[in-house]
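These notes concern the structure reproduced below.
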Amino acid sequence: MKTININSKSHESDCISGYIPHTLVSVSRIPFSKYLNDCSSSLSLSLTIFSDILPTLWTTSPNLQAFTVCSSMTIANTLSTRLPIVLPAIEPSTNPPTVFSSLGLLQPIAGCQAPLDAIVVIDPASKLRLSLPIGWGIGSTFNDPTHYSALRRIYRRELTRAVETIDEERRGAEVDFYEIAKTYF
10 MKTININSKS HESDCISGYI PHTLVSVSRI PFSKYLNDCS SSLSLSLTIF
60 SDILPTLWTT SPNLQAFTVC SSMTIANTLS TRLPIVLPAI EPSTNPPTVF
110 SSLGLLQPIA GCQAPLDAIV VIDPASKLRL SLPIGWGIGS TFNDPTHYSA
160 LRRIYRRELT RAVETIDEER RGAEVDFYEI AKTYF
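Now the structure itself:
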């Protein structure tokens, strides 16, 4: 299992670590203006997939905190109006956002300035537990109708498994959620 600590001194990591007492699932994408149309459609795909899977994950873990990380709040707000679930959005303050670097989601072809779309799971210790690509790697087949439903089932299974594992670990450690939350708020 790959773990990456995302607690750095940057503003956006502090903003994210405020949510860490819960298991965290995030859709990450930062559109850049040169490719605005492509990125908007990609972000829309990410959010559609995410909002489709999220009710299952909330059933698995009611403490789940979900949000979107996006550099353009205008685009995030526009796209969120088309979704059945309203997700809070966070706008990183640095360029390129260090949160994407910490998660290993910067695109090398774009000079590490453009992040990659992904649905990620971060555990209560602020470590990356799962990263599922959207529009790249295996996630590039989401645009193909013949692979969409199979890939959606795989993503649902893997996300559910990751969330269940983190919940089991938390119960096994007998950590009181409210005591942890007091340290963050």
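What the sequence shown shows, in this note's numbering, is residues 10 to 194, in sequence order. Backbone N, C-alpha and C fix where the C-beta goes; we use that ideal spot for every residue, glycine too. These numbers come from a predicted model, not from an experiment.
Per DSSP, what kind of secondary structure is residue i in: helix, strand or coil?
i    : result
A98  : strand
I143 : coil
L115 : strand
L66  : helix
S42  : Only weak support is given to the placement of S42: the predicted model assigns it a pLDDT of 28, under 50, and the question is left unresolved by the model.
Could you check which residue in the options has the C-alpha nearest to that of residue i?
i    : options                : result
E167 : H156, S135, V130       : V130
L125 : N86, E177, L114, R179  : L114
F59  : G148, F109, T107, P101 : G148
P133 : V172, T83, T69         : V172
T83  : N72, P154, F151, P97   : P97
V108 : P154, S158, L137, Y157 : L137
I175 : H156, F76, C79, L139   : L139
A75  : F151, N86, I128, L160  : I128
E178 : S70, L112, I94         : S70
First and last residue of the beta strand (DSSP E) that includes residue i?
i   : result
T77 : 74 to 78
If you follow the alpha helix (DSSP H) that residue i is in, where does it begin and where does it stop?
i    : result
A159 : 154 to 181
Per DSSP, which one or two residues make a beta bridge with residue i?
i    : result
P124 : L115
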